[in-house]
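Trainee: Residue numbers (the numbering used here), protein chains in the order written: chain A, 1 to 473; chain B, 474 to 597; chain C, 598 to 1032.
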Amino acid sequence: MKLIFEKGAPGQHLSLMPPCDVPEVTLSRPRTEPLNLPHVSETELTRHYTALAKRVHGVNDGFYPLGSCTMKYNPKINEDMAALFSQIHPLQPEETVQGCLEVLHESEKLLGEITGMDAMTFQPAAGAHGEFTGLLLIKAYHARRNDAARTKIIVPDSAHGTNPASAVMAGFTVVNIPSGEDGCVDVEALRGAVGPDTAGLMLTNPNTVGIFDRNILEITRIVHDAGGLCYYDGANLNAVMGVVRPGDMGFDVIHLNLHKTFSTPHGGGGPGSGAVGCKEFLRCFLPGPVVTRDEAGYHLTVPEHSIGRVKDFYGNFSVVVKALTYILTLGREGIPEAARNAVLNANYMMKRLSEKYAMAYAGPCMHEFVMTLQDLKDATGCSAMDIAKGLLDHGIHPPTMYFPLIVHEALMVEPTETESQETMDEVCRVFLDLWDLAHQNPQALHDAPTRTPVRRLDEVGAARNPVLRYTGE
Amino acid sequence: MNFPAELKYTKDHEWFKDLGNDTALVGITDFAQSELGDLVFINLPQVGDEVIADESFCDVESVKAVSDVMSPCTGVIEEVNTELEDEPQLLNEDPYGAWIARIRDISACGELMSADEYEAFVQK
Amino acid sequence: MFLMGTYVPNTAAQQRAMLAALGVDRAEELFAAVPREMLVDRLNLPEGLSELSVRQKVSAMAGKNRVYPTVLRGAGSYRHFIPAVVKSVTGREELVTAYTPYQAEISQGILQSIFEYQTMICALTGMDVSNASVYDGGTAAAEALAMCRDRKRNRAYVSACADPQVIETMRTYCFGSGMALELIPERDGRTDLSAVSLGADAACVYIAQPNYYGNIEDARATGEAAHAAGARFIMGCNPIALAVMETPAACGADIAVGEAQPLGLDVAFGGPYLGYMAATKAMFRKLPGRIVGQTHDAEGNTGYVLTLTAREQHIRREKASSNICSNQALCAFTAGGYMTAMGADGLRQAATLCMSKAHYFAGELEKTGLPRVHTGEYFHEFVTKCGDPVKILRALDENGILGGLPVKDGILWCVTELVTREELDRAVSIIKEVC
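1) For A/M17 and chain B, any beta-carbon pair shorter than 8 Å?
2) Going along chain B, which residues have a C-beta under 7 Å from A/V460?
3) Are the Cβ atoms of B/F504 and B/P561 separated by less than 8 Å?
4) Check the Cβ of A/R464 against every Cβ in chain B and list those closer than 7 Å, keeping chain order.
5) Counting pairs of Cβ atoms below 8 Å between the region 159–173 of chain A and the region 908–925 of chain C, do you hit three or more?
6) Would you verify that the beta carbon of A/T96 is, or is not, closer than 8 Å to some beta carbon of chain C?
7) Got a sec? Which residues, its chain only, sit under 6 Å from A/M81 by beta carbon, not counting five neighbours each side?
8) Which partner residues of C/S685 appear in the DSSP bridge assignment?
9) To the nearest angstrom, how far is it from the Cα of A/G461 to the Cα of B/E534?
10) Assuming the contact rule is C-beta atoms closer than 8 Å, C/G872 and C/V854 should be a hit. Round their C-beta distance to whole Å, please.
11) Count the other CB atoms within 10 Å of the CB of A/H408; is the residue buried (16 or more) or exposed (fewer)?
12) Nearest to C/A857 by CA position, among C/A838, C/A850, C/Y699, C/T844, is which residue?
13) Let's test the definition: count the other Cβ atoms within 10 Å of the Cβ of A/H142 and tell me whether it reaches 16, buried, or not, exposed.
14) Looking only at its chain, what residues have a beta carbon closer than 6 Å to the beta carbon of A/I327, apart from the 5 residues adjacent to it on each side?
15) Measuring only between beta-carbons, confirm whether B/V499 sits less than 8 Å from chain C.
16) Mind checking B/P477: buried by the 16 CB within 10 Å criterion, or exposed?
17) Would A/F281 be called buried (16 or more neighbouring beta carbons within 10 Å of its own) or exposed?
18) Could you tell me the distance, in whole angstroms, from the CA atom of A/R47 to the CA atom of C/V683?
19) Might you give, ordered along the chain, the residues of its own chain that have their beta carbon closer than 7 Å to the beta carbon of A/N215, omitting 5 neighbours on each side?
20) Cα separation between C/S647 and A/T329?
21) Would you call C/E1019 buried or exposed, if buried means 16 or more other Cβ atoms sit within 10 Å of its Cβ?
22) Can you pull the chain C residues whose beta carbon is under 7 Å from the beta carbon of A/P38, in chain order?
23) Can you tell me the Cβ-Cβ gap for C/C801 and C/F772, rounded? I've got them flagged as a contact below 8 Å.
24) Which residue comes first and which comes last in the beta strand (DSSP E) that contains B/D532?
25) Go ahead and pull the three-state DSSP assignment for B/D589.
26) Can you name the start and end residues of the beta strand (DSSP E) that C/I1008 belongs to?
27) Tell me the residue span of the beta strand (DSSP E) that contains B/A581.
28) By the 10 Å Cβ neighbour count, where 16 or more other Cβ atoms means buried, how is A/D378 classified, buried or exposed?
29) Grouping DSSP H, G and I as helix and E and B as strand, with all else coil, what is B/F476?
30) Considering only residues of the same chain and omitting the five flanking positions on each side of C/L990, which have a CB-CB separation below 6 Å?
31) Roughly how many angstroms separate the alpha carbons of A/H367 and B/V536, rounded to a whole number?
32) For the beta strand (DSSP E) that contains C/C765, what are its first and last residues?
33) Less than 6 Å between C-beta atoms, sequence neighbours within five positions excluded: which residues of the same chain meet that for B/R575?
34) Please decide whether C/C834 counts as near chain A, where near means a Cβ-Cβ distance under 8 Å.
35) Under 7 Å between beta-carbons, which chain C residues line up against B/V539? List them in chain order, please.
36) With C-beta atoms as the reference, is A/A388 less than 8 Å away from A/P398?
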């Protein structure tokens, strides 16, 4: 497919701007270089972007069991509700944005109840941004107590790569601890790792292999007893929302991925929202401003010992509107019902696929499970990548590949609660057929996909000789 | 798999070529490049950097991974092979020709193996 | 019991059948690993609602906001004209409901749109390489500082004339990383580089262009001074202004960043917005976040992939220089659509309209006794003196006009192409009455 720069012709344009109704002004040092933007008609523009959209697989196009990403259905009312707030300037007087502040305040209250947290900021724009923010809260907490020795963050080896990267950005040193054979925290290893230099622990629960760590209370107690704080990576909250709360597991600070758990769409990789919640004793460190309420209404205030902003204004506000819409829709009964069905669906698929595929850990799982295709690869030469590419030819988005790193030839499957039994039955049939195909005709899988707009792309060539923009050649 | 007899080797799969006068060339072995797969970039050290035996002094990237390269010896970077910046594939195509750095003022070496010892080591 | 929209398609009968296949009676049994004492008894949340009721409830909240027909306030968030075609193409469900393009074969639309966006950002800034975007202008600036840091150079010099929110975001990031941040003082609404001496630890100099007060800085001279001290030069530029203003590349910038919200994104109470980041060829490997590259498949078809990924957190983990994983793909898609719709001529027209109307308005305000505080050139924002800002802003407010933002020395006004000459004249006559 041609690039937009290769379409149209010089002179083609849309008629958008009126003539200037005041005397024209120019700069004394104007731009001298040409501005090489596309020149197309509105017809061409629409067709180009429509063609691009057709070359994308979204949740609306088909099954999308991308583990750890919670690709659930994105309700359409979310978009409508967000649009109601699109024309509000972020620096309007407080009394003219009471509706926006109510959205933030209500969201804080409802998400606080779901997570067991006392306060929340919506400034972080994504999960990684939330991690960074939460870790700075931990840093500020220790600094305020003049405990300069607490420089280390403990991260299990099964963690998302963002965890250690965020810890380093926040100025901490990372201590990796190995997982036990069951994929959970090795409690003895943790006990050996904590000490007077422990700033905190970062944990996902259910963890990245889809298992709820049954020792969670002991884990958070070990860290607290050593003087550290516990950070909850909310990537996997969908499994347990309304069933069990991070605040009750002993966590002090958390981030949520509103674009995952709370159904606001992912938008092809953003915008998201990485809201950060904390217990009361950390509230004074939150990025400012936060929303407070008194008889006169809602106000924007900066917490006393705020770490400072992590983003302009109040975060990805529209995304928060969508998440609030979703929570209001599901309500008290619907939130845990969604979690139960997410777990039920995952276990159902796990059971069906166990017929042929090896599971990295025994069930029951929570909202996702990890398969290991090492044996399949040894027997047939077909890797997790080959199976994934085979799925593409069936209109199915593959599971997350090669994560977590502690599992060889990993495929991580997360169906979410918004998929039906019929869909999952059909997808399981495809998975099982591909397993047979790997044995009968491995080359066919090495060659897959064949029905997609492009075949497997040369990533090595792309990295060795980077072509990162169109140059007209 | 190629194990030139005139080189020394580390357990982390670097090679070490003694040039005399406390100077040496270092690179990654044929075994290392085949395990790492197609390399797409190298983060070279800077001339003048002090390096320490058995500690990372640069890293190499494949499409899906990044791997530390450990220094076989303690010394100072005298020269780096800038050709590798534009052609990292040389590390795959000619690992013993594609030296990464020349190190001077070598004061100590880590544990180094002969070609035979290294060959036995990788075949384990 | 009938639950309101959980978006769970499976019927109770199907759920029972699936449970039976698992050999359990109730879904609760699947949560056996959760210690019983931790289980939530009853959430203190409202009952679920029908779509109609949710619509009414959220609409009632929106009704408590005030939408101003005329806006003369910017300060980091700008109302511009957004062509209808931009909204139409960016609402495509495939894009909205997709995630990061991990599977390139079925994500060519997103990947190509990012490649096109990268190309347009390079065209706009004159820089060699753009990333796929980051969260917003503030985080883009903060990430740019980190790009310049090394063992010997750990101090960032930041113009006091930059957006205070951007400066605060940089400070927060520096609190994390341990990088030192020093402000370059303001004089006459511009960066006074003569007030600081750039030391051997100077990693970079950051200025905004136009700056927070709308003023055009002497960027070339600043860049030369930064380079003379061995530091990098970062410019934070308004993307619409770039259509008529010297590019960061021409001014010698090593990194160009900025808030790309003006490129087709709603003001939306502050987000989502879009941070653009571009760099010279010498620095592009230090760019954080996603980058899309062009390549081909085995049959020779051109295609696009996420590339240079070994720089990123999911591979480098604690050795990554940034933790960012996502970009603002849908916002970048929107900005790409906007720049395509506008074209070079349209963007120049928009920039000229903004600047000309701002100058017209400044002239009229001066006649009413509200002269500019600063001298020299400006783009579409400027600061005027102001006797009683509260009185002026209230009078405008009562007439449906959101006036400028009160700042230290007066009022910071902003005029975009959306505001007509009649609206400006009306604002002036309202101000006349209260001054």
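For every residue, glycine included, the Cβ atom is placed at its ideal position computed from N, Cα and C.
Mentor: Quick answer:
1) By one-based count along the first sequence, residue 17 of chain A stands at place 17. Not an interface residue.
2) Taking the first sequence and counting its residues from 1, one reaches residue 460 of chain A at position 460. Those within 7 Å of A/V460 in chain B are D511, V513, V536.
3) For the purposes of this step, residue 504 of chain B is identified with residue 31 of the second sequence, where counting begins at 1. For the purposes of this step, residue 561 of chain B is identified with residue 88 of the second sequence, where counting begins at 1. Not a contact, by the Cβ cut-off of 8 Å.
4) Walking along the first sequence from the start, residue 464 of chain A turns up at place 464. The answer, in chain order, is V513, P561, Q562.
5) yes
6) Within the first sequence, numbered from 1, the residue matching residue 96 of chain A stands at position 96. Yes, its Cβ sits closer than 8 Å to a Cβ of chain C.
7) Taking the first sequence and counting its residues from 1, the one referred to as residue 81 of chain A is at position 81. Correct list, in chain order: V321, T325.
8) The residue you call residue 685 of chain C lines up with position 88 of the third sequence. Its beta-bridge partners do not exist; DSSP assigns none.
9) Numbered from 1 along the first sequence, position 461 holds the residue referred to as residue 461 of chain A. Numbered from 1 along the second sequence, position 61 holds the residue referred to as residue 534 of chain B. Their Cα atoms are separated by approximately 13 Å.
10) As a first step, residue 872 of chain C must be located in the third sequence, where it is residue number 275. As a first step, residue 854 of chain C must be located in the third sequence, where it is residue number 257. C/G872 to C/V854, Cβ: 7 Å. Contact.
11) Position 408 of the first sequence holds residue 408 of chain A. Exposed is the call here.
12) Taking the third sequence and counting its residues from 1, the one referred to as residue 857 of chain C is at position 260. Selected option, being the one with the closest Cα: C/A838.
13) As a position in the first sequence, residue 142 of chain A is number 142, starting the count at 1. Result: buried.
14) Taking the first sequence and counting its residues from 1, the one referred to as residue 327 of chain A is at position 327. Closer than 6 Å at the Cβ level, and outside the excluded window around A/I327, lie L110.
15) Within the second sequence, numbered from 1, the residue matching residue 499 of chain B stands at position 26. No - not a single Cβ of chain C is within 8 Å of the one on B/V499.
16) Here residue 477 of chain B is taken as the residue at index 4 of the second sequence, counted from 1. It is exposed - the Cβ of B/P477 has fewer than 16 other Cβ atoms within 10 Å.
17) The residue labelled residue 281 of chain A in the question sits at position 281 within the first sequence. Its Cβ having fewer than 16 others within 10 Å, A/F281 is exposed.
18) Here residue 47 of chain A refers to the residue found at position 47 of the first sequence. Here residue 683 of chain C refers to the residue found at position 86 of the third sequence. Rounded to whole angstroms, A/R47 to C/V683 spans 12 Å at the Cα level.
19) Start at 1 with the first residue of the first sequence, and residue 215 of chain A comes out as number 215. Around A/N215: C184, V185, V187.
20) Translated into the one-based positions of the third sequence, residue 647 of chain C becomes position 50. Translated into the one-based positions of the first sequence, residue 329 of chain A becomes position 329. C/S647 and A/T329: Cα-Cα distance of roughly 6 Å.
21) Within the third sequence, the letter at position 422 stands for residue 1019 of chain C. C/E1019 should be labelled exposed.
22) On the first sequence, position 38 is the one that residue 38 of chain A refers to. Ordered by position in chain C, the residues that pass the 7 Å Cβ test against A/P38 are T937, G940.
23) Translated into the one-based positions of the third sequence, residue 801 of chain C becomes position 204. Translated into the one-based positions of the third sequence, residue 772 of chain C becomes position 175. About 17 Å; that fails the 8 Å criterion.
24) The count along the second sequence starts at 1 and reaches residue 532 of chain B at position 59. Run containing B/D532: 529–535, per the beta strand (DSSP E) assignment.
25) The sequence position of residue 589 of chain B within the second sequence is 116, counting from 1. B/D589 falls in the helix class under three-state DSSP.
26) By one-based count along the third sequence, residue 1008 of chain C stands at place 411. Counting along the chain, the beta strand (DSSP E) containing C/I1008 begins and ends at 1007–1011.
27) The count along the second sequence starts at 1 and reaches residue 581 of chain B at position 108. That run of the beta strand (DSSP E) goes 574–582.
28) Within the first sequence, residue 378 of chain A is the residue found at index 378, counting from 1. A/D378 comes out exposed.
29) For the purposes of this step, residue 476 of chain B is taken as residue 3 along the second sequence, with counting starting at 1. Coil.
30) If you number the third sequence from 1, residue 990 of chain C lands on position 393. Excluding sequence neighbours, C/L990 sits near G1000.
31) On the first sequence, position 367 is the one that residue 367 of chain A refers to. On the second sequence, position 63 is the one that residue 536 of chain B refers to. Looking at the two C-alpha atoms, the distance is approximately 30 Å.
32) In the third sequence, residue 765 of chain C corresponds to position 168, counting from 1. Inspection of the sequence shows that residue 765 of chain C is occupied by Glu rather than by Cys. Segment 761–774 is the alpha helix (DSSP H) holding C/E765; no beta strand (DSSP E) there.
33) Sequence index remark: in the second sequence, residue 575 of chain B carries index 102 (1-based). Answer for B/R575: L498, E551, E552, listed in chain order.
34) Here the question's residue 834 of chain C lines up with position 237 in the third sequence. No, its Cβ sits nowhere closer than 8 Å to a Cβ of chain A.
35) If you number the second sequence from 1, residue 539 of chain B lands on position 66. Chain C residues near B/V539: A907, I912, R913.
36) What you label residue 388 of chain A is simply residue 388 of the first sequence in a count that begins at 1. What you label residue 398 of chain A is simply residue 398 of the first sequence in a count that begins at 1. A contact, by the Cβ cut-off of 8 Å.
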